[in-house]
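Start counting at 1 in the sequence shown, then tack on 103, and there's your number in this note's numbering. Virtual Cβ for every residue (Gly too), placed ideally from N, Cα, C. Each remark here refers to the structure printed beneath this line.
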Amino acid sequence: MKRIFVAVFMLMLILMALSCCKESGFVPLEPANLGKMLTLVYEYGSFNGGQCDFSITREKDDSGKESIHFLAKGSNGVEMDADYEIEQNVLDEIAKIIVDYGIFEWHGFSGRNNDILDGYGFRLAADFENGSLTANGYMKKPKGYDEGHKALSEYLTALAYSQAAELNEPFSQISLFAYIDASIEGDSTPCADFAENFKSNFPVSVSVLYQNVGGGQPYTVTDEKMIRDVFEALKNIEVVEENGMAHTDDYLTYYFTMADNSSIQFTFQSGCYIGRRDNLLSLTGFGALSAALDYPPDWEPPEVIRPLYVNERLGFEIELFENWEACETEGGAVEIIGPRDSSKETTTNLIIERIEGCTAEQLADKAKKESLFGSVTKSKDKVWISTIGGNGVTLEFEKPGPDGLTLWTNAQFANDNKGNCYLIYYTTIHKDDGRSTWFGGNANSIIYTFRLL
């Protein structure tokens, strides 16, 4: 009896150890014994930060000749589409990255935090002659993930874009301001206008904002010298080359607010500027910008207490940004309006309606069939509203607007768990650079705070 007890106790210890190892990535492989790499799958990203899916497969034709195919797809804002044959030496280079950056140590990792919606996740599967490497996570990462991911994702992204003829052409070094203006369709030159009017419409403040999946708070200064230093640093930055796509949910933004309440912002990632369609641009002079303004080492972000709008008739409450207002329309919906003239950005303010006796899925199907806001460009079986567990459907629509512009609508169809649903939407004028408008970015943040009473 004693022996049986000891055996059972030892078995429990082994199982507990294996359970702990599963999330810590403590199941190492010995790369020297695995032989050459045969196939690869690496997928990573998030709903709001973009998704990248890479795969390398092997196929044989009728004659038995083997070929190796590389496939790269982007979604959720990442524009990437590659499908072509590669040689074994590419897999050999990837295997070297996996060894050099300790990615083998991820093997066996499987960690998840399902309390966070639309967060960052990844999946890795690599087959070798004598074994396999697998790891996956959602809002959890194995030790050493960031460094290994950066090396692997940059290699695969560069491989995907090596097909594009425009990336094979020599890149002419150009100032960041000139590059931004040249990438915008039409006659708009926001950077040149900003520089020309810098003295006459001097900024009242400049802010630096670091954001990740958990959000972020800006650090703002009004000191005139610091404002000039940031402006001069930005003006002197030059774009050296294009080197891939933005690949994480981490962003560093500098933005100026002018005396006339206009603003301009510049967003970076890993020392690169995020350009049109989220392509990353390698820079010279970025160090001077971070030296001009960065978060102070001992700075603590102020606690944000936002006004709460409560609508008992429709059964919800929602937080409002400063100077945003909510009012009921004649039709019984709630309209949430921003604090400034947004006529150049939006045609519809944030609207919240409750539809009785109809589920979110039913209303979303009807909206698609009847082209309620135009043609559907993206669909997701979740909503941004974490307080109801993301229960519902998100649709994005596009349709032609005035003066040849495109109108873009984000619509959230959210269930109230009582057989009714909410339709929450806004329509903005699609910007030439493909990024969110000022109104849309703030409207999204407000939607996240929606709660049922």
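Reduced DSSP category for residue i - H, G, I as helix; E, B as strand; rest coil
i, result
"Phe212", "coil"
"Ile567", "With the chain covering 104 to 556 only, the question about residue 567 has no answer from this structure."
"Asn339", "helix"
"Glu250", "helix"
"Phe301", "coil"
"Asn545", "helix"
"Glu257", "helix"
"Thr490", "helix"
"Ala517", "strand"
"Tyr376", "strand"
"Phe369", "strand"
"Tyr398", "coil"
For residue j and residue i, the rounded distance between their alpha carbons
i, j, result
"Glu420", "Lys469", "26 angstroms"
"Ser178", "Asp221", "14 angstroms"
"Ser122", "Ala429", "Residue placement at Ser122 is poorly supported in this model, since its pLDDT is 43, which falls under 50; the coordinates still yield a value, given next. Spanning the two alpha carbons is a distance of roughly 50 angstroms."
"Gln314", "Tyr376", "15 angstroms"
"Ile549", "Leu337", "31 angstroms"
"Ile277", "Tyr354", "23 angstroms"
"Leu255", "Gly153", "17 angstroms"
"Arg331", "Trp402", "22 angstroms"
"Ser489", "Ala228", "30 angstroms"
"Asp195", "Gly378", "32 angstroms"
"Gln320", "Leu312", "6 angstroms"
"Phe212", "Met329", "45 angstroms"
"Ser190", "Leu259", "As written in the sequence, residue 190 is Glu, which differs from the Ser given in the question. Distance between the alpha carbons of Glu190 and Leu259 is about 14 angstroms."
"Cys461", "Asn217", "27 angstroms"
"Gly504", "Thr292", "22 angstroms"
Residue i, enclosing alpha helix (DSSP H) - first and last residue
i, result
"Leu466", "Ala463 to Lys472"
"Asn192", "Gln191 to Asp203"
"Leu137", "Segment: none, Leu137 is in no alpha helix (DSSP H) and carries neither H nor E."
"Ile283", "Leu279 to Ala285"
"Ala391", "Phe389 to Ala395"
Residue environment, residue i, which counts as buried when at least 16 other CB atoms sit within 10 Å
i, result
"Val413", "exposed"
"Glu431", "exposed"
"Gly138", "exposed"
"Thr497", "buried"
"Lys246", "exposed"
"Ile197", "buried"
"Val202", "exposed"
"Thr325", "exposed"
"Gln515", "buried"
"Ser149", "buried"
"Ser166", "exposed"
Whole-Å CB distance - residue i paired with residue j, under 8 angstroms assumed
i, j, result
"His172", "Glu188", "6 angstroms"
"Thr387", "Val343", "6 angstroms"
"Arg56", "Gly240", "Since the displayed the chain opens at 104 and closes at 556, residue 56 lies outside it and no answer follows."
"Arg457", "Tyr525", "5 angstroms"
"Ser482", "Phe500", "Actually they do not touch by this definition, with Cβ atoms about 10 angstroms apart."
"Ile491", "Leu423", "With a Cβ gap of about 19 angstroms, Ile491 and Leu423 do not count as contacting."
Contact test: residue i Cβ vs the ligand HEM heavy atom, cutoff 7 angstroms
i, result
"Thr237", "Ligands are entirely absent from the displayed structure, and the ligand HEM is therefore not among its contents."
Continuous beta strand (DSSP E) stretch holding residue i: start and end
i, result
"Asp230", "Gly224 to Phe231"
"Thr497", "Gly495 to Pro503"
"Tyr313", "Pro306 to Gln314"
"Thr160", "Gly153 to Lys163"
"Tyr528", "Cys524 to Ile532"
"Tyr357", "Tyr354 to Met361"
"Phe419", "Phe419 to Glu422"
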